[in-house]
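Protein chains in written order, with our numbering: chain A, 2 to 105; chain B, -10 to 237.
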């Protein structure tokens, strides 16, 4: 990434500062140093991913630190997405509902 | 089809952005938002309906583990309407089959629900003339989204793998950011052009994205937005016909 003349992610020391700001902003704390280190690593990967998405994006979108920056992609999907509806056929008749106007 | 439409600009149509917290109930929040906006448009009545009732009375088990828009509308039809958010407030957890709908008066109801054809022009026309529509998209890019128009590719946002339901509330165009890709790829700056986009209401609180909303490119089935465009139908009794609100 540095070949592009841009620093894709902050320097280590700065990364910790950015991560501390993230923790303060989104009220995050971690139960032990190992968990802290793991979340810091995920955070760094997410910042790099956000940078890639920003470069790839063909619109005006800005990607960066969000409330979900310390979650892996899998955790994010499990916590906020509901099960994938790919391929599920609708088995509901289009015309359902009573014909009375406005009746509860 | 008007060139722009933003139901947020019409008073009493779009309710405040909600936060699903740790409950995976985007499907219930999107369906409730759809019903609220249709009542605002058809009856000029600003209502907030109970998401919790959709979770508790959901026929498909624990609503906090996920669900489908059509199941929310079937629950509304089965209950002949929904109680208000005030009477039956959101708790962020689901007591399956502990439905308390009968305790409260219904403040809104629907007659039907339909799924629209997967054509973005047709969806825009319906949105502008009838009101907001629920859609289900691939939410992958939203993890790192801060603001702006996401113009996804089918590789970084698979339109077939949709997993998050939101409410479509408007559309417009904006100017592209000149030369952003050029800077990174050292190629020739490209001429500015306008980017058509959809405006979508999310359920991750008002501090996320653009005050709880986000924008997706319009015209490329970005993140599968045309896969399940579903809306409730609210009929106005003939004697109550009045001038409809058009999308600002």
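Each residue gets a CB set at the ideal place from its N, CA and C atoms; glycine is no exception.
{"Item": "Just the C-alpha distance for residue 41/A and residue 208/B, rounded to the nearest angstrom, thanks.", "Value": "38 Å"}
{"Item": "With distance defined between alpha-carbon atoms, name the residue in 71/B, 215/B, -6/B, 101/B nearest to residue 127/B.", "Value": "215/B"}
{"Item": "Between the Cα of residue 50/A and those of 32/A, 31/A, 78/A, 70/A, spot the shortest distance and give me the residue it belongs to.", "Value": "70/A"}
{"Item": "What alpha helix (DSSP H) runs, 4 residues minimum, are completely inside the region 37 to 113 of chain B?", "Value": "40 to 45, 58 to 67"}
{"Item": "So if I threshold CB-CB distances at 7 Å, which residues from the region 13 to 32 of chain A count as touching chain B?", "Value": "none"}
{"Item": "Restricting to runs no shorter than 4 residues, where is the alpha helix (DSSP H) found entirely within the region 129 to 171 of chain B?", "Value": "none"}
{"Item": "Expressed to the nearest angstrom, what Euclidean distance is found between the alpha-carbon atoms of residue 54/A and residue 68/B?", "Value": "44 Å"}
{"Item": "From residue 213/B to residue 149/B, what does the alpha carbon distance come to, in whole angstroms?", "Value": "6 Å"}
{"Item": "Taking Cβ-Cβ distances shorter than 9 Å, what residues in chain A pair up with residue 130/B?", "Value": "54, 58, 62, 64"}
{"Item": "Going by other Cβ atoms of all chains shown within 10 Å of its Cβ, with 16 needed for buried, is residue 80/A buried or exposed?", "Value": "exposed"}
{"Item": "Compare the C-beta of residue -7/B with all C-beta atoms of chain A and state if any pair is closer than 9 Å.", "Value": "no"}
{"Item": "From which residue to which residue does the beta strand (DSSP E) around residue 190/B run?", "Value": "183 to 190"}
{"Item": "Leaving out the 5 sequence neighbours to the left and right, which residues in its chain are closer than 8 Å to residue 17/A when beta-carbon positions are compared?", "Value": "41"}
{"Item": "When DSSP builds the beta bridges, which residues end up paired with residue 199/B?", "Value": "202/B"}
{"Item": "Near residue 55/B, what residues of its chain come up, given a Cβ to Cβ distance below 6 Å and the 5 sequence neighbours on each side ignored?", "Value": "13"}
{"Item": "Taking 6 Å as the limit between beta carbons, can you name the residues of its chain near residue 62/A, skipping five residues before and five after?", "Value": "none"}
{"Item": "Return the residue from the list 38/B, 225/B, -3/B, 44/B that minimises the CA-CA distance to residue 84/B.", "Value": "44/B"}
{"Item": "Which two residues bound the contiguous alpha helix (DSSP H) that contains residue 18/B?", "Value": "15 to 32"}
{"Item": "According to the Cβ coordinates, are residue 223/B and residue 31/B closer than 9 Å?", "Value": "yes"}
{"Item": "By DSSP, does residue 61/A sit in helix, in strand, or in coil?", "Value": "coil"}
{"Item": "What's the C-alpha gap between residue 4/B and residue 73/B?", "Value": "13 Å"}
{"Item": "In terms of residues, what are the limits of the beta strand (DSSP E) holding residue 124/B?", "Value": "122 to 126"}
{"Item": "Of the residues 47/A, 65/A, 56/A, which one's Cα is nearest the Cα of residue 74/A?", "Value": "47/A"}
{"Item": "Can you pull the chain A residues whose beta carbon is under 8 Å from the beta carbon of residue 139/B, in chain order?", "Value": "58, 60, 62"}
{"Item": "Note down the Cα distance separating residue 156/B from residue 204/B, rounded to an integer number of angstroms.", "Value": "11 Å"}
{"Item": "Answer yes if the region 9 to 29 of chain B comes into contact with the region 49 to 63 of chain B, meaning at least three C-beta pairs across the two stretches below 8 Å, and no otherwise.", "Value": "yes"}
{"Item": "Would residue 234/B and residue -1/B be called neighbours here (beta carbons separated by less than 9 Å)?", "Value": "yes"}
{"Item": "Alpha carbons only, please: which of -10/B, 38/B, 8/B is nearest the one belonging to residue 2/B?", "Value": "38/B"}
{"Item": "Could you give the distance in angstroms between the alpha-carbon of residue 114/B and the alpha-carbon of residue 93/B?", "Value": "36 Å"}
{"Item": "If you measure between the beta carbons of residue 24/B and residue 65/B, is that distance less than 9 Å?", "Value": "yes"}
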